[in-house]
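Trainee: The structure follows.
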Amino acid sequence: GKQNRAAVITGSTSGIGLGIAEALAANGCNIVLNSFTDSSEDHALARKLADDHGVEAAYVSADMSDPNACRKLVDKAAQHFGGLDILVNNAGIQHLAPVEDFPIEKWNAILAINLSSSFHTIAAAIPHMKKAGHGRIINIASAHGLRASPFKSAYVAAKHGVVGLTKTVALELAETGITCNAICPGYVLTPLVEEQIPDQMKLHDMDRETVVREVMLARQPTREFVTVEELGGLVVFLCSDHASQMTGTSLPMDGGWTAQ
Ligand code: NAD
Numbered sequence: 006g007k008q009n010r011a012a013v014i015t016g017s018t019s020g021i022g023l024g025i026a027e028a029l030a031a032n033g034c035n036i037v038l039n040s041f042t043d044s045s046e047d048h049a050l051a052r053k054l055a056d057d058h059g060v061e062a063a064y065v066s067a068d069m070s071d072p073n074a075c076r077k078l079v080d081k082a083a084q085h086f087g088g089l090d091i092l093v094n095n096a097g098i099q100h101l102a103p104v105e106d107f108p109i110e111k112w113n114a115i116l117a118i119n120l121s122s123s124f125h126t127i128a129a130a131i132p133h134m135k136k137a138g139h140g141r142i143i144n145i146a147s148a149h150g151l152r153a154s155p156f157k158s159a160y161v162a163a164k165h166g167v168v169g170l171t172k173t174v175a176l177e178l179a180e181t182g183i184t185c186n187a188i189c190p191g192y193v194l195t196p197l198v199e200e201q202i203p204d205q206m207k208l209h210d211m212d213r214e215t216v217v218r219e220v221m222l223a224r225q226p227t228r229e230f231v232t233v234e235e236l237g238g239l240v241v242f243l244c245s246d247h248a249s250q251m252t253g254t255s256l257p258m259d260g261g262w263t264a265q
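If you want it as structure tokens, here you go:
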């Protein structure tokens, strides 16, 4: 059969990243999981993924706020599997504050983890993918890569940046067999979103149920959260041969948010 493809997914110990890792593993990809921690749970997660799907999986700790760590993660993944076919830039953090009170260190961390890490991993991945003559780069942006919301200046700026980076990389790689696309999810009920609920409750002076329906899902016309399984399905499609002419796109999966 076809040799297993190798995929690295940044920030993949929970939420969307883990969902994408599961979907790729279910499709026969070998997987490198990543976060900034290095616990026995992290490594156990990789072993479970391998056992569940009959693929190889490894956990590699690397802090996506550190440019060298980003680049090393990619090189380690390529070394481990003898090449790299798929890079998914998913690591991301959030912080809510009015722009005049936005903590400088939070701004810097969000720009580093949500935007600059993708520049570094992409730069490191390109030589490996060029050598193979094919590759798939998928950046997890956000509906906030295409639209703005108050109190999220760093996040919105970083995600718009990811959309721009995606287009530029796609153009540079257009004749190489490597595609680069962004996915723009609406709200997905992951730990990242769970953590925003208390802040949003405070900012809007609402209870949980009201803030979820009236604030968080107010702009998501379906009034339903997107699921990590649905996002995994889109990643699997983008990694397939059917998507070889899709490059430079920013694909919303957002319950209709960006139709508005
Ligand atoms: P999450 O908090 O559940 O997972 C984030 C992952 O990134 C975790 O594995 C975490 O350990 C890792 N991470 C955080 N900081 C890191 C660092 N410095 N180095 C390495 N790894 C780090 O979040 P999520 O909701 O699954 O979000 C994943 C991505 O999807 C993010 O880029 C986020 O902006 C984007 N996104 C999320 C939603 C949503 O509604 N949840 C919507 C649109 C876009």
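Every letter in the sequence shown is one number past the one before it in the UniProt record's numbering, and letter 35, counting from 1, is 40. Idealized CB from N, CA, C, for every residue including glycine.
#1: Grab me the residues of THR254's own chain with a C-beta within less than 6 Å of its C-beta, minus the 5 sequence neighbours each way, in chain order.
#2: What separation, rounded to the nearest whole angstrom, lies between the Cα atoms of SER66 and GLY16?
#3: Please work out which residues of its chain come closer than 7 Å, Cβ to Cβ, to ALA163, disregarding the five sequence neighbours upstream and downstream, and give them in chain order.
#4: Can you tell me whether residue 2 is buried or exposed, with buried defined as 16 or more other CB within 10 angstroms of its CB?
#5: ALA26 and LEU38 - do their beta-carbons sit closer together than 8 Å?
#6: Assess, as a yes-or-no matter, whether the stretch 169 to 178 is touched by the stretch 217 to 230 under the definition of 3 or more beta carbon pairs within less than 8 Å.
#7: Restricting to Cα atoms, I'd like to know which of ILE188, GLN201 and THR184 is closest to SER249.
#8: Looking at the strands, I want to know which residues DSSP matches up with SER66.
#9: Only counting the same chain, and skipping five residues up and downstream in sequence, which positions put a Cβ closer than 7 Å to that of HIS58?
#10: Tell me the residue span of the alpha helix (DSSP H) that contains ARG218.
#11: Please tell me whether, using a cut-off of 7 Å, the distance from the CB of MET206 to the nearest non-hydrogen atom of the ligand NAD is below it.
#12: Checking the sheet assignment: what are the DSSP bridge partners for ILE143?
#13: How long is the line joining the alpha carbons of ALA148 and GLU234, rounded to whole angstroms?
#14: Does PRO257 come out as helix, strand or coil in the three-state DSSP assignment?
#15: I'd like to confirm something about PRO132: is its beta-carbon nearer than 7 Å to some heavy atom of the ligand NAD, or not?
#16: Can you give the Cα-Cα distance for LYS172 and THR252, rounded to whole angstroms?
#17: Check whether the Cβ of SER45 lies closer than 7 Å to any heavy atom of the ligand NAD, and answer yes or no.
#18: Thinking LEU151 and VAL168 are a contact (beta carbons under 8 Å), I'd like their distance in whole angstroms, please.
#19: Using alpha carbons as the reference points, say which of ALA159, PHE230, SER19 and ASP212 lies closest to PHE107.
#20: Any heavy atom of the ligand NAD closer than 7 Å to the beta-carbon of ASN119?
#21: Does the Cβ of VAL198 lie closer than 7 Å to at least one heavy atom of the ligand NAD?
#22: Return helix, strand or coil for ILE98, following the three-state DSSP convention.
#23: Is any heavy atom of the ligand NAD found at a distance shorter than 7 Å from the C-beta of TYR192?
#24: In angstroms with no decimal places, state the Cα-to-Cα distance between GLU229 and GLU214.
#25: Hey, ILE142 and ALA130: beta-carbon distance below 8 Å or not?
#26: So, at 7 Å on beta carbons, what are the nonlocal neighbours of HIS209 in its own chain, with the 5 sequence-adjacent residues on each side left out?
Mentor: On the basis of the coordinates in this document:
#1: Translated into positions along the sequence shown, residue 254 becomes position 249. Excluding sequence neighbours, THR254 sits near ASN186.
#2: Locating residue 66 in the sequence shown gives position 61, where the first residue counts as 1. Locating residue 16 in the sequence shown gives position 11, where the first residue counts as 1. Answer to the nearest angstrom: the Cα atoms are 10 Å apart.
#3: In the sequence shown, the residue the question calls residue 163 occupies position 158. For ALA163, where only same-chain residues beyond five positions count, the Cβ hits under 7 Å are ILE115, LEU116, ASN119 and LEU120.
#4: With the chain represented from 6 up to 265, any question about residue 2 goes unanswered, as that position is not in the structure.
#5: For this step, residue 38 is matched to residue 33 along the sequence shown. For this step, residue 26 is matched to residue 21 along the sequence shown. Judged by beta-carbon spacing, ALA26 lies within the 8 Å limit of LEU38, meaning their Cβ atoms are closer than that value.
#6: No, the stretch 217 to 230 does not touch the stretch 169 to 178.
#7: Taking the first residue of the sequence shown as position 1, residue 249 is located at position 244. THR184 is the residue among ILE188, GLN201 and THR184 whose C-alpha sits nearest the C-alpha of SER249.
#8: As a working mapping, residue 66 is identified with position 61 in the sequence shown. According to DSSP, which records beta bridges pairwise, SER66 is partnered with SER40.
#9: Working through the sequence shown from its first residue, we reach residue 58 at position 53. By the criterion of a C-beta distance shorter than 7 Å, HIS58 is surrounded in its chain by ALA30 and ALA31, once the five residues flanking it on both sides are discounted.
#10: Residue numbering aside, residue 218 sits at position 213 when the sequence shown is read from its first letter. Premise fails: ARG218 is in no alpha helix (DSSP H) and is neither H nor E.
#11: Taking the first residue of the sequence shown as 1, we reach residue 206 at position 201. For the ligand NAD, not one heavy atom lies less than 7 Å from the Cβ of MET206.
#12: Numbered from its first residue, the sequence shown carries residue 143 at position 138. Answer is VAL93 and ASN186.
#13: Stepping through the sequence shown from its first residue, residue 148 is reached at position 143. Stepping through the sequence shown from its first residue, residue 234 is reached at position 229. Answer to the nearest angstrom: the Cα atoms are 18 Å apart.
#14: Start at 1 with the first residue of the sequence shown, and residue 257 comes out as number 252. PRO257 falls in the strand class under three-state DSSP.
#15: Sequence index remark: in the sequence shown, residue 132 carries index 127 (1-based). Result no, Cβ not under 7 Å from the ligand NAD.
#16: On the sequence shown, position 167 is the one that residue 172 refers to. On the sequence shown, position 247 is the one that residue 252 refers to. Their Cα atoms are separated by approximately 8 Å.
#17: Residue mapping note: residue 45 aligns to position 40 of the sequence shown, counting from 1. No.
#18: What you label residue 151 is simply residue 146 of the sequence shown in a count that begins at 1. What you label residue 168 is simply residue 163 of the sequence shown in a count that begins at 1. Going by Cβ atoms, the distance from LEU151 to VAL168 rounds to 7 Å, so yes, they are a contact pair.
#19: Indexing the sequence shown from 1 puts residue 107 at position 102. Among ALA159, PHE230, SER19 and ASP212, the Cα nearest to that of PHE107 is on ALA159.
#20: Translated into positions along the sequence shown, residue 119 becomes position 114. Using a cutoff of 7 Å, the CB of ASN119 counts as near the ligand NAD, since one of the ligand's heavy atoms is closer than that.
#21: Mapped onto the sequence shown, residue 198 falls at position 193. Yes, Cβ of VAL198 sits closer than 7 Å to a heavy atom of the ligand NAD.
#22: Taking the sequence shown and counting its residues from 1, the one referred to as residue 98 is at position 93. Three-state DSSP puts ILE98 in coil, outside helix and strand.
#23: The count along the sequence shown starts at 1 and reaches residue 192 at position 187. Shortest gap from the CB of TYR192 to any heavy atom of the ligand NAD: under 7 Å.
#24: Here the question's residue 229 lines up with position 224 in the sequence shown. Here the question's residue 214 lines up with position 209 in the sequence shown. Each residue's alpha carbon lies about 13 Å from the other.
#25: For the purposes of this step, residue 142 is identified with residue 137 of the sequence shown, where counting begins at 1. For the purposes of this step, residue 130 is identified with residue 125 of the sequence shown, where counting begins at 1. Result yes, Cβ atoms of ILE142 and ALA130 sit closer than 8 Å.
#26: Along the sequence shown, read from residue 1 onward, the residue named residue 209 stands at position 204. Correct list, in chain order: VAL216 and VAL220.
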